[in-house]
Amino acid sequence: MAAKIFYNDDADLANISERSVAIIGYGSQGHAHALNLRDSGVDVRIGLAEGSKSRAKAEAEGLRVLSVADAVEEADLIMILVPDQVQAEVYKNEIAPHLNEGDALFFAHGFNIRFGFIEAPAGVDVAMVAPKGPGHTVRREFEAGRGVPAIVAVEKNESGKALELALAYAKGLGATRAGAIETTFTEETETDLFGEQAVLCGGTSQLVQYGFEVLTEAGYQPEIAYFEVLHELKLIVDLMIEGGIAKQRWSISDTAEYGDYVSGPRVISPEVKENMKAVLSDIQDGTFAKRFMEDQAAGAPEFKELRSKGESHPIETTGRELRKLFSWNKVSDDYTEGSVA
Ligand code: NAD
Ligand code: MG
Ligand code: MG
Ligand code: MG
Ligand code: MG
Ligand code: MG
166 MAAKIFYNDD ADLANISERS VAIIGYGSQG HAHALNLRDS GVDVRIGLAE
216 GSKSRAKAEA EGLRVLSVAD AVEEADLIMI LVPDQVQAEV YKNEIAPHLN
266 EGDALFFAHG FNIRFGFIEA PAGVDVAMVA PKGPGHTVRR EFEAGRGVPA
316 IVAVEKNESG KALELALAYA KGLGATRAGA IETTFTEETE TDLFGEQAVL
366 CGGTSQLVQY GFEVLTEAGY QPEIAYFEVL HELKLIVDLM IEGGIAKQRW
416 SISDTAEYGD YVSGPRVISP EVKENMKAVL SDIQDGTFAK RFMEDQAAGA
466 PEFKELRSKG ESHPIETTGR ELRKLFSWNK VSDDYTEGSV A
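Each residue of the sequence shown is one higher than the one before, counting from 166 in the working numbering.
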């Protein structure tokens, strides 16, 4: 294995205990970083916009909440955990004017640095600690004495100690209990975007919708189609996580396994791989980032239209009705807790 992986013994909390940390944003990742670091003995304050709904939640946890500018002023390690599309604006107006030489600027995703929307001044370290899981899992695992693995990367090492600082941060998060893998901003950003677009989110959503459409258009009941193409997906993916595609194929029937071999490549034909390469190329040359940021700057008209089109797909109506009837389903359809990918 070529990847470099760091564990608890490779990281020294002393590197971060001399620091004053500002967590900017208190959403999915923000709350987990703030609480885990605080419980690891790190000096933490939160930076939020005036009137932010997150303010009361952070204060209820006993955290000190300041304006973004004041938090940056006080701190010398600033972790930016506001949504990717607003980071450049927040950085320009409220962070950059308060940065000093010797400060460290941290991220949990490389988007804004990789595509040049944020450029840190000389004398400031730029590093990433990105847990490979949703914020709520990052907090829950830490409280259980475990940790969610993370990615660490250094973009600018002005102090000569940026990696040690990132590892100390990862240790405070509980991530080095599970393992912190070293990467670069470029690799993290491009592979994260590709994974979510081609396979995890984009590819899977389209595959499930087409499967549902083909069955219902052929006259099968939507409730049955929902189970066959959406609900069972989790059971299959759980097996893949446990033991790879090989374990999943071992567990399913021989009928299913044979069907996998002969029909998988018919559905996902070699031209799909060419389409994936085109998606990767748009990520690498900045076409995707530009399109996303321009739409956001215009008030996100394309994003909103695509979201509402997705929400009105018939599979959502069928799913909502069916999930109400699942006695085992403890997860509600209220998904206000923030994103994962
Ligand atoms: P989020 O949407 O859950 O939370 C955003 C927070 O920023 C909220 O507290 C919100 O009040 C605050 N905020 C929004 N606009 C603001 C502004 N203009 N000024 C000040 N505060 C503002 O965000 P998130 O999903 O936790 O994502 C944060 C970062 O973490 C992103 O870079 C994302 O790519 C990365 N990341 C997220 C996850 C995840 O599990 N959601 C996983 C890995 C990496
Ligand atoms: Mg400061
Ligand atoms: Mg079946
Ligand atoms: Mg089998
Ligand atoms: Mg991801
Ligand atoms: Mg992502």
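C-beta: ideal position from N, C-alpha, C; glycine also.
Extent of the continuous alpha helix (DSSP H) run through residue i
{"i": "Phe276", "result": "Phe276 to Arg279"}
{"i": "Gly212", "result": "Premise fails: Gly212 lies in the beta strand (DSSP E), Asp208 to Gly212, not in any alpha helix (DSSP H)."}
{"i": "Thr354", "result": "Phe350 to Phe359"}
{"i": "Pro387", "result": "Pro387 to Tyr391"}
{"i": "Ile448", "result": "Pro435 to Gln449"}
{"i": "Val394", "result": "Where Val394 is concerned, there is no enclosing alpha helix (DSSP H), given that its DSSP letter is neither H nor E."}
Closer than 7 Å: residue i CB and nearest ligand 2 heavy atom
{"i": "Asp235", "result": "no"}
{"i": "Ala240", "result": "yes"}
Helix, strand or coil at residue i [DSSP, three-state]
{"i": "Leu372", "result": "helix"}
{"i": "Val289", "result": "coil"}
{"i": "Leu404", "result": "helix"}
{"i": "Phe491", "result": "coil"}
{"i": "Ile316", "result": "strand"}
{"i": "Ser141", "result": "Because the chain spans 166 through 506 in this model, residue 141 falls outside it and cannot be assessed."}
{"i": "Ser185", "result": "strand"}
{"i": "Lys544", "result": "It is not possible to answer for residue 544, since the shown part of the chain is limited to 166 through 506."}
{"i": "Lys169", "result": "coil"}
{"i": "Val505", "result": "Residue placement at Val505 is flagged as unreliable, the pLDDT there being 49, under the threshold of 50; the coordinate-derived value follows with that caveat. In this structure, Val505 counts as coil in the three-state DSSP scheme."}
Any non-hydrogen atom of ligand 1 closer than 7 Å to residue i Cβ
{"i": "Glu299", "result": "A quick correction: the sequence has Pro, not Glu, at residue 299. Correct: Pro299 has its Cβ closer than 7 Å to ligand 1."}
Reference residue i; option with closest CA among the options
{"i": "Tyr256", "options": "Gly310, Asn277, Met458 and Thr483", "result": "Asn277"}
{"i": "Gly429", "options": "Lys442, Asn201, Glu481 and Arg414", "result": "Arg414"}
{"i": "Ser182", "options": "Glu329, Gly464 and Arg279", "result": "Glu329"}
{"i": "Phe171", "options": "Leu372, Ala240, Arg342 and Glu397", "result": "Arg342"}
{"i": "Ala335", "options": "Gly484, Leu400, His301 and Ala197", "result": "Ala197"}
Span of the beta strand (DSSP E), counted from its first residue to its last, around residue i
{"i": "Leu242", "result": "Leu242 to Ile245"}
{"i": "Phe271", "result": "Ala269 to Phe272"}
Residue i - partner residues in DSSP beta bridges
{"i": "Val364", "result": "Val364 pairs with nothing; no bridge assigned."}
{"i": "Leu231", "result": "Gly212"}
{"i": "Val560", "result": "Not covered by the structure: residue 560. The range shown for the chain is 166 to 506."}
{"i": "Ala345", "result": "Phe171 and Ala315"}
Distance cut-off 7 Å: residue i Cβ against heavy atoms of ligand 5
{"i": "Gly367", "result": "no"}
{"i": "Gly192", "result": "no"}
{"i": "Glu382", "result": "no"}
Neighbour flag for residue i against chain D, beta carbons, 8 Å
{"i": "Glu308", "result": "Protein chain content of the structure displayed is limited to a single chain, and chain D is not contained in it."}
Any non-hydrogen atom of ligand 6 within 7 Å of residue i CB
{"i": "Asp357", "result": "yes"}
{"i": "His478", "result": "no"}
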